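There are 2 protein chains.
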Amino acid sequence: MYTINGILENKDIAYECISDHIGKRIHIHGSVYKIRKMSGFAFVILRTARELIQCIYSNEFSEFELEILKEESCIELTADVVADERSRTGWELRMIAVKILTTPSSESPIVINNKRVDTSLENLLNYRPITLRNEKERAIFKLQEGICNGFRSFLLENKFTEIHSPKLVYAGAEGGANIFTVNYFGKEVYLAQSPQFYKQMMVGVFERVFEIGPVFRAEKHDTSRHLNEYTSVDFEMGYIKGFEDIMQMEVQMLKYTLNKLKERYSYELDLLEVDLPEISGIPSIRFMEAKELIARVYKRDIKDFEDFEPEEEKLLSELIKKQTGSEFVFVTHYPSKKRPFYAMDDPDNPSETLSFDLLFRGLEVTTGGQRIHVYNQQLDKMRQRNMNISLFDSYLMLHKYGVPPHGGLGLGLERFTSRLLNQENVRLATLFPRDINRVVP
Amino acid sequence: MYTINGILENKDIAYECISDHIGKRIHIHGSVYKIRKMSGFAFVILRTARELIQCIYSNEFSEFELEILKEESCIELTADVVADERSRTGWELRMIAVKILTTPSSESPIVINNKRVDTSLENLLNYRPITLRNEKERAIFKLQEGICNGFRSFLLENKFTEIHSPKLVYAGAEGGANIFTVNYFGKEVYLAQSPQFYKQMMVGVFERVFEIGPVFRAEKHDTSRHLNEYTSVDFEMGYIKGFEDIMQMEVQMLKYTLNKLKERYSYELDLLEVDLPEISGIPSIRFMEAKELIARVYKRDIKDFEDFEPEEEKLLSELIKKQTGSEFVFVTHYPSKKRPFYAMDDPDNPSETLSFDLLFRGLEVTTGGQRIHVYNQQLDKMRQRNMNISLFDSYLMLHKYGVPPHGGLGLGLERFTSRLLNQENVRLATLFPRDINRVVP
Chain D
1 MYTINGILEN KDIAYECISD HIGKRIHIHG SVYKIRKMSG FAFVILRTAR ELIQCIYSNE
61 FSEFELEILK EESCIELTAD VVADERSRTG WELRMIAVKI LTTPSSESPI VINNKRVDTS
121 LENLLNYRPI TLRNEKERAI FKLQEGICNG FRSFLLENKF TEIHSPKLVY AGAEGGANIF
181 TVNYFGKEVY LAQSPQFYKQ MMVGVFERVF EIGPVFRAEK HDTSRHLNEY TSVDFEMGYI
241 KGFEDIMQME VQMLKYTLNK LKERYSYELD LLEVDLPEIS GIPSIRFMEA KELIARVYKR
301 DIKDFEDFEP EEEKLLSELI KKQTGSEFVF VTHYPSKKRP FYAMDDPDNP SETLSFDLLF
361 RGLEVTTGGQ RIHVYNQQLD KMRQRNMNIS LFDSYLMLHK YGVPPHGGLG LGLERFTSRL
421 LNQENVRLAT LFPRDINRVV P
Chain W
1 MYTINGILEN KDIAYECISD HIGKRIHIHG SVYKIRKMSG FAFVILRTAR ELIQCIYSNE
61 FSEFELEILK EESCIELTAD VVADERSRTG WELRMIAVKI LTTPSSESPI VINNKRVDTS
121 LENLLNYRPI TLRNEKERAI FKLQEGICNG FRSFLLENKF TEIHSPKLVY AGAEGGANIF
181 TVNYFGKEVY LAQSPQFYKQ MMVGVFERVF EIGPVFRAEK HDTSRHLNEY TSVDFEMGYI
241 KGFEDIMQME VQMLKYTLNK LKERYSYELD LLEVDLPEIS GIPSIRFMEA KELIARVYKR
301 DIKDFEDFEP EEEKLLSELI KKQTGSEFVF VTHYPSKKRP FYAMDDPDNP SETLSFDLLF
361 RGLEVTTGGQ RIHVYNQQLD KMRQRNMNIS LFDSYLMLHK YGVPPHGGLG LGLERFTSRL
421 LNQENVRLAT LFPRDINRVV P
């Protein structure tokens, strides 16, 4: 028996500490990202946890043969940090000795160490375990960590309690046929389309709750903006005065998160040349007003009075940006028919709901709204929709035994990331995307 | 069109600000938790987002009839904060006026406002949406938030990158039949038993990664320590010198998290009378040594040479506590037969793995170890186990194209919470537990 005391012995230093060691010999580790042979010396680019470091190999000082290094070898490097005024960092790293920890068995079938991975989307995704090693590819997901963490820190600071709700559920929250079934010990259960029921139940417990986790939609769409599994940032808050409170909270959350990115993820923002949106306030327009505005300005017919066509979302964003400078726009008062049974109808016009979507650069990234909190109102709406109320007994406990006026929203983390980066396809902002044709890798 | 500017107007104050308002009139909101009528006045306990507040109703100053209040009504309260030296808080709250936001339709079928909810486990779980409103029940999950957040903050500070891996997968990571199948557009796919493959792939990208999310185990056990869906805290780290590095990291993570709980969750720790364990170091013992030790001390026969019986885990914890004072113990070098195909065998004794479990108060809460990082070694082990290697093509890319020596662990958040609270059943530390008989609510 011996004792694990929590002391990790490691003499390797991190990238950001190198400049403290000018004139000294250091140990550092990483993967060999790229070897560029020049006349009489070579640049060896080391990929560390977050940065790329240019090292210099030369017979003059390196005590090993360059040939022992392969791209994607993992190495421990002994190097001299030499002051160099010409360098952006103020130093250059001279390779003295290496210990090779692993050598790849094969060369990568795809070139991953250029500025971009120049291949089809199909290949990019098929070879995810290696294409993610490209500096720009991985930067997308480092940034996504920052977005996720920005949202979470904001919510914790604003007294939202973090919850973990089950993904195996007995009833769908969003209705419709877009739900996956699971064989649960011979019984048929479902994969949660959202944590909706659970976050509403928890409003009765903690007043404000949030969850960041996977949700599952069995949508057969194969488009550039749909995923069958995605990460949903969900919050729900009680004691609201109206659904605008939720939008106000989201505006705060977005401002906070974009500021955190600037503070902590400038390396990735620069690398990906991200054009961060400025938020002072976010304009808000009613659904029908928006429909009419688009029809008028772009001389289009309104074909669907209950929902936007994707093209209309783009045009609306374009227009709002032109008129107000904002790259975000709230659309409110969506038709009741298109919203789930728990959405609160507008008492002034019950065919509309006290709900909203947030569009960001032409795409819906958030859906939210106020929920029904009065038991009999909820029963009535379910009866109107011919729902089997007995299936929802435990959900309805929240209404029956008292819950404050409340509402919330769900934001798609991958969609948000994708719009922030102006990507053409949400799969590019998804670590291992799931679509109608893809469950591998 | 109007602008949502991120300003949330709310004059209600929070519990912790009340003492700044002594001598003043305030607005505050919450649920009526309990009404206790005394002679000539009444105590009304208000449940706010985190605390209970005792308010005083009296005809002398209250401008409404007590009868309009029901337990579980949600109210906005106007109250006077009056200095009171006898009170623990230094003030008392006199109810002046109320606005009733919602009134429950029915009285709760279970008494939730006593010190404990006095009912069967079955009822406690069936009525989760309301039983969680009990002050002690909800405190469990506030504390769980703190545990989760402690782990996460520690990992972020230690340069682990947070990832979101898919839960719909094409192959099981842990082997065996304990896997749920999902109908995925007519194809059979699985629910992830762990993020194992993905976190290993991501070690090649970010060196250190973590994920906190749901995992699914189709185990038919119906015991006090098994769940079919739970929240797994998973991390994986590259460039390790040996599997002890992972244990060292876990010791640091536990120390950090317990300290954070002390700092930020003392309200819940006090309420639940939690006996926080002290960690200086954690003793570590080899699996076979532990088996023999238990056999010798407790005069038991060793029946199973490949795994612990649950009783043995309890006895070992008891013994280690007696000998060293530690409520945690690492057990290392589990037999290869009982560990998954990606576990690294001990080169000194290939029938054992470079792996560990962490036991906490008699129960396994973590499983971890070093993984095979050399391509041919991994292929060999898979062949020995007669696995269909072609199924694992994309997983094996990580070995084929080079990955550093690495390892990691998975910790069950509910089990950990449950042991911390000395509960008899892990379901008590699970918000909405899933077991062989339960998917509702």
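Residue numbers (the numbering used here), protein chains in the order written: chain D, 1 to 441; chain W, 1 to 441. Virtual Cβ for every residue (Gly too), placed ideally from N, Cα, C. As the structure is a computational prediction, the values presented were derived from the model and not from experiment.
1. Taking 8 Å as the cut-off, does the stretch 273-287 of chain W touch the stretch 16-29 of chain D (at least 3 CB pairs, one atom from each stretch)?
2. Buried or exposed: W:R419, going by 16 or more other Cβ atoms within 10 Å of its Cβ?
3. Please confirm if the stretch 131-140 of chain W is in contact with the stretch 87-107 of chain W, defined as three or more CB-CB distances below 8 Å between the two stretches.
4. Just by C-beta distance, which residues in the stretch 168-196 of chain W are closer than 8 Å to chain D?
5. Could you pull out every residue in the same chain whose Cβ sits closer than 6 Å to the Cβ of D:D346, ignoring the five residues on either side in sequence?
6. For the alpha helix (DSSP H) that contains D:N126, what are its first and last residues?
7. The alpha helix (DSSP H) spanning D:C148 covers which residue range?
8. Near D:I13, what residues of its chain come up, given a Cβ to Cβ distance below 8 Å and the 5 sequence neighbours on each side ignored?
9. Using the rule of at least 16 other Cβ atoms within 10 Å of the residue's Cβ for burial, across every protein chain shown, is W:C74 buried or exposed?
10. Quick check for students: name the residue ranges of the beta strand (DSSP E) that lie wholly in the stretch 77-124 of chain D, counting only runs of 3 or more.
11. Show which residues of chain W have a CB atom less than 9 Å away from the CB atom of D:L459.
12. So what does DSSP say about W:V32, is it helix, strand or coil?
13. Taking 8 Å as the CB-CB cut-off, is W:Q377 touching chain D?
14. D:S317 lies in the beta strand (DSSP E); which residues open and close that run?
15. Rounded to whole angstroms, what's the CA-CA distance from D:G369 to D:D234? Just pull it up for me.
16. Is the stretch 238-256 of chain D touching the stretch 396-410 of chain D in the sense that three or more CB pairs, one from each, lie closer than 8 Å?
17. How would you call W:K400, buried or exposed, if buried means at least 16 neighbouring beta carbons within 10 angstroms?
18. Enumerate in chain order the residues of its own chain whose CB-to-CB distance from W:G204 is below 6 Å, with the five nearest sequence positions on each side excluded.
19. Could you name the residues of the stretch 71-82 of chain D whose beta carbon sits closer than 7 Å to any beta carbon of chain W, in the order they occur along the chain?
20. Helix or strand or just coil, what does DSSP make of D:L46?
21. How would you write the range of the alpha helix (DSSP H) that W:H399 sits in, first residue to last?
22. How far does the beta strand (DSSP E) with W:E236 in it extend, from its first residue to its last?
23. Would you kindly work out how many angstroms separate the C-alpha atoms of D:F197 and W:Q144, rounded to a whole number?
24. Rounded to whole angstroms, how far is the Cβ of D:F154 from the Cβ of D:M38, which I believe are closer than 8 Å?
25. Are W:I68 and W:I45 touching if we call contact CB-CB under 8 Å?
26. Counting only Cβ pairs nearer than 7 Å, list the residues of chain W close to D:M247.
27. Under the DSSP definition of a beta bridge, which residues are partnered with W:H27?
28. Assuming contact is defined by CB atoms lying nearer than 8 Å, are W:K159 and W:R208 in contact in what I supplied?
29. Just to confirm my understanding: we take D:P350, look at its own chain, exclude 5 residues before and 5 after, and list those with CB closer than 8 Å. What are they?
30. Looking at the strands, I want to know which residues DSSP matches up with W:S284.
31. Going by Cα to Cα distance, which pick from W:N386, W:G172, W:A177, W:L168 is closest to D:T181?
32. Report the three-state DSSP secondary structure of D:Y57 (helix, strand or coil).
33. Write down the C-beta distance between W:L363 and W:E313 rounded to the nearest angstrom, noting that I regard them as a contact closer than 8 Å.
34. Apply the 10 Å Cβ neighbour rule to W:L121 and answer buried if 16 or more other Cβ atoms are within range, or exposed otherwise.
35. Hey, is the stretch 378-396 of chain W in contact with the stretch 218-225 of chain W, meaning 3+ C-beta pairs nearer than 8 Å?
36. Nearest by alpha-carbon distance to D:R50: which of D:V98, D:P166, D:R264 is it?
In short, the structure shows the following:
1. no
2. buried
3. no
4. L168, V169, Y170, F180, T181, V182, N183, Y184, F185, K187, V189, L191
5. E352, L354
6. 121-126
7. 135-157
8. H21, I26, H27, I28
9. buried
10. 91-102
11. In the structure as shown, chain D starts at 1 and stops at 441, and residue 459 of chain D therefore has no counterpart that could be examined.
12. strand
13. no
14. First-last for D:S317: 310-324, but that is the alpha helix (DSSP H), not the beta strand (DSSP E).
15. 12 Å
16. yes
17. buried
18. L398, V403
19. E72, S73, C74
20. strand
21. 393-400
22. 229-238
23. 20 Å
24. That pair is no contact at about 48 Å.
25. no
26. I4
27. W:T78
28. yes
29. S336
30. D:Y2, W:F330
31. W:L168
32. strand
33. 6 Å
34. exposed
35. no
36. D:R264
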